[in-house]
Amino acid sequence: MITPKFSCSQTDDSLITSIYCPSVRAADVEINVDNTVLIVHINPYFLRLNFPYPVEEDDNSSAQYDPSSGYLTITLTKSVKGQHFPDLDLLATLLAPRPSRPQTRPSIEVLDPSTDDAITDISKRADALSLDDEFAQAAKNEWQLPQALPDPASGFHTSSKRYYGFLDAFTGYFAYVNHTENEINELGDDAEACNAEERRARRIAHENEKWNEEHYMADYTEDEYIQELINWHDPDLTSTAEVVLTEDENMAILRLPRKEYIMNTFQEHNLYLTLITLMYAHAYDKRTTLNDPTTESAWTICNLIAAFSALDPPPYSPGELTGGAALDFTDAELTSTLVSSYRRSLAFPLYRSFQLAERCRTDVAATLRRGKRLITRYLLRVKDILDHHDVYYIYSKIWVEDFCVWIQGGASDVVLTRIGEKLDALKVPKSAIGWDLEELEEATRLAVNRDSDSDDESIE
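The numbering used here applies: residue 1092 is where the sequence shown begins, and numbers increase by one.
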């Protein structure tokens, strides 16, 4: 089945869905409305939308097909007149499966074994069980299996597989990494064997190895072009207009998978931290290319994200989520997340400047404050850049694709705004980077002044 192109709009009393399905017979259209769910089937198209609030079919509802334009327009009545339906422009939110329903009865019922009728009662209930009942219940739930988080894993593992990526849901993607030209992979042939501690240790060691004092001092001294990059005004962040996703962006959203993410508060907390590193890498590439991605953009973005190059996502400081709400982020954990991005931007790409790193931080803060739509746009851009690379598309598959889906239906604008405000006010000390930046800068200034004085004396 093909998911058709569609859009949704609303009035005070109605919800209007326009579906592009050219060259079909109107008589073959099947429409079903069930509370918050709209299902439309017309061969070869199938569309199931989950609205935030209930809708219904009544005398004011209608369905009209225009053969000349190929659009089917369905008008449904809101169950509560005047109710506003949010996020109708975020298509992935509408396409996401309906959240799993909790069980309405316990799975196990404890009977009193002291009674003589207990065994007889159990036997009767067992005889009454039928696969037909199970199928009926499944059909009632729209053939969606109930989802639940497994119990926390113990320290004992029966499998040698290592998991990584979005919600640690992927494995095996680097089994043959030695046969590809993956220049950003910092784990080598051991990518599938390293545990979390080993990944972090290798990442930090590789960053220290790549750190180049001379490169940093040179960019600190001759920073005319870097200052131009820092002073460049990002039109997306300077505009106050509402972000409206384009037709191409909506088509890209329609190609995303339909997923429901079951996670605990700790996992959700860490996704927001990882999102910061993704937005930082995008901000750095966008600013250094002046919003015109180059052939090196995929390499730059992947190198700046530790979750990609070393499969090592945040959190980077111990004791996260201790005291306070799960989605309240401390300055310490936000700083540790940014330090990883700062270090990588000072060790790998062409332009290595602490001032530029600070400018990228403010870009990330402004992006998060603007909300899910702008973040969705940026994630789709990153996905497009990586998808067109022969090797780095793998990081789009195990990270970015799921972020594109989750950010629309799972993330909270309130939380994003709160993180953005904290990042904007945050001060990352140079001492936290670990490479004696202040001493290097002071030595560079003294050397420049000494050379300047020598030139003046020679002229005299």
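From the three backbone atoms N, C-alpha and C, an ideal C-beta is built for every residue, glycine too. All values reported here derive from a predicted model rather than from experimental measurement.
Rounded straight-line distance, which links the Cα of residue j to that of residue i
| i | j | result |
| --- | --- | --- |
| ASN1134 | CYS1112 | 9 angstroms |
| ASN1286 | ARG1253 | 7 angstroms |
| ALA1554 | SER1098 | Absent from the model: residue 1554. The displayed extent of the chain is 1092 to 1551, so no value can be given. |
| MET1092 | ILE1524 | 52 angstroms |
| LEU1129 | TYR1255 | 35 angstroms |
| ALA1244 | THR1184 | Confidence at ALA1244 is low in this model, with a pLDDT of 45, below 50, so its placement is unreliable and the value that follows should be read with caution. Distance between the alpha carbons of ALA1244 and THR1184 is about 30 angstroms. |
| ASP1119 | THR1508 | 46 angstroms |
| ARG1349 | TYR1144 | 20 angstroms |
| HIS1306 | TYR1433 | 15 angstroms |
| HIS1324 | LEU1429 | 22 angstroms |
| ASN1126 | ILE1275 | 48 angstroms |
| VAL1383 | HIS1479 | Position check: residue 1383 holds Asp in this sequence, whereas Val was assumed. One C-alpha to the other measures close to 15 angstroms. |
| ASP1281 | VAL1482 | 18 angstroms |
| ASN1273 | TYR1264 | 12 angstroms |
| ALA1538 | ALA1296 | 30 angstroms |
| GLU1121 | LEU1347 | 24 angstroms |
| GLU1315 | GLU1300 | 27 angstroms |
| ALA1154 | SER1105 | 13 angstroms |
| TYR1100 | SER1152 | Looking at the sequence shown, residue 1100 is not Tyr but Ser. The alpha-carbon atoms of SER1100 and SER1152 are separated by roughly 14 angstroms. |
| THR1379 | ALA1401 | 23 angstroms |
| TYR1371 | THR1453 | 9 angstroms |
| MET1342 | VAL1131 | 19 angstroms |
| PRO1177 | ARG1139 | 18 angstroms |
| ILE1110 | PHE1399 | 37 angstroms |
| ASP1422 | PRO1188 | 35 angstroms |
| LEU1437 | PHE1257 | 26 angstroms |
| GLN1318 | THR1312 | 11 angstroms |
| ARG1294 | PRO1405 | 13 angstroms |
Residue i burial status per 10 Å Cβ neighbour count (16 or more: buried)
| i | result |
| --- | --- |
| LEU1222 | Caution applies to LEU1222, whose pLDDT of 49 falls short of 50 and renders its modelled position unreliable; the value that the coordinates give is listed next. Result: exposed. |
| GLU1424 | buried |
| ARG1290 | buried |
| THR1108 | buried |
| ASP1259 | exposed |
| ASN1361 | buried |
| THR1195 | Confidence at THR1195 is low in this model, with a pLDDT of 42, below 50, so its placement is unreliable and the value that follows should be read with caution. Counting Cβ neighbours within 10 Å, THR1195 comes out exposed, since fewer than 16 surround it. |
| GLY1462 | buried |
| ARG1541 | exposed |
| SER1487 | buried |
| HIS1270 | exposed |
| HIS1175 | exposed |
| THR1329 | exposed |
| VAL1516 | For clarity, residue 1516 is Ala in the given sequence; the question names Val instead. The residue in question, ALA1516, is exposed, as its Cβ has fewer than 16 Cβ neighbours within 10 Å. |
| ASP1150 | exposed |
| TYR1407 | buried |
| VAL1326 | This sequence places Pro at residue 1326; Val is not what is there. Under this definition PRO1326 is an exposed residue. |
| TYR1136 | buried |
| PRO1158 | exposed |
| THR1365 | buried |
| VAL1171 | exposed |
| ASP1419 | exposed |
| ASN1577 | Outside the displayed span of the chain (1092 to 1551) sits residue 1577, for which this structure offers no information. |
| LEU1163 | buried |
| THR1368 | buried |
| LEU1528 | buried |
| LEU1381 | exposed |
| PHE1357 | exposed |
Whether residue i touches residue j by CB criterion (7 angstroms)
| i | j | result |
| --- | --- | --- |
| ALA1457 | SER1431 | no |
| SER1522 | ASP1310 | no |
| GLY1501 | ARG1460 | no |
| GLU1340 | LEU1471 | yes |
| TYR1484 | LEU1477 | yes |
| TRP1497 | TYR1352 | yes |
| ILE1392 | ASP1376 | yes |
| LEU1182 | ILE1321 | no |
| THR1467 | GLN1499 | yes |
| THR1094 | MET1308 | no |
| ALA1374 | VAL1455 | yes |
| THR1166 | GLU1147 | no |
| LEU1395 | ARG1435 | yes |
| GLY1161 | ASP1103 | no |
| ILE1489 | PHE1142 | no |
Residue-chain proximity (residue i, chain D), Cβ-Cβ < 7 angstroms
| i | result |
| --- | --- |
| ALA1187 | Absent here is chain D; the protein component of the structure consists of one chain. |
The ligand ATP heavy atom lying under 6 angstroms from the CB of residue i
| i | result |
| --- | --- |
| GLU1387 | Annotation note on the ligand ATP: not contained in the displayed structure, which lists no ligands. |
Any contact of the region 1375-1390 with the region 1432-1443, i.e. 3+ C-beta pairs under 8 angstroms? yes
Which runs of the alpha helix (DSSP H), 4 residues or longer, sit entirely within the region 1372-1418? 1388-1395 and 1397-1400
Go through the region 1407-1477 residue by residue and report every complete run of the alpha helix (DSSP H) that reaches 4 residues or more, in order. 1422-1438 and 1445-1461
For the region 1486-1517, list the alpha helix (DSSP H) runs that are entirely contained and at least 4 residues long, ordered along the chain. 1492-1500 and 1504-1516
4 or more residues per run - each alpha helix (DSSP H) lying fully within the region 1291-1350: 1304-1312, 1315-1322, 1326-1329 and 1338-1345
Extract the residue ranges of the beta strand (DSSP E) inside the region 1113-1192, only unbroken runs of 3 or more that lie entirely within it. 1121-1125, 1128-1133, 1136-1141, 1153-1157 and 1162-1169
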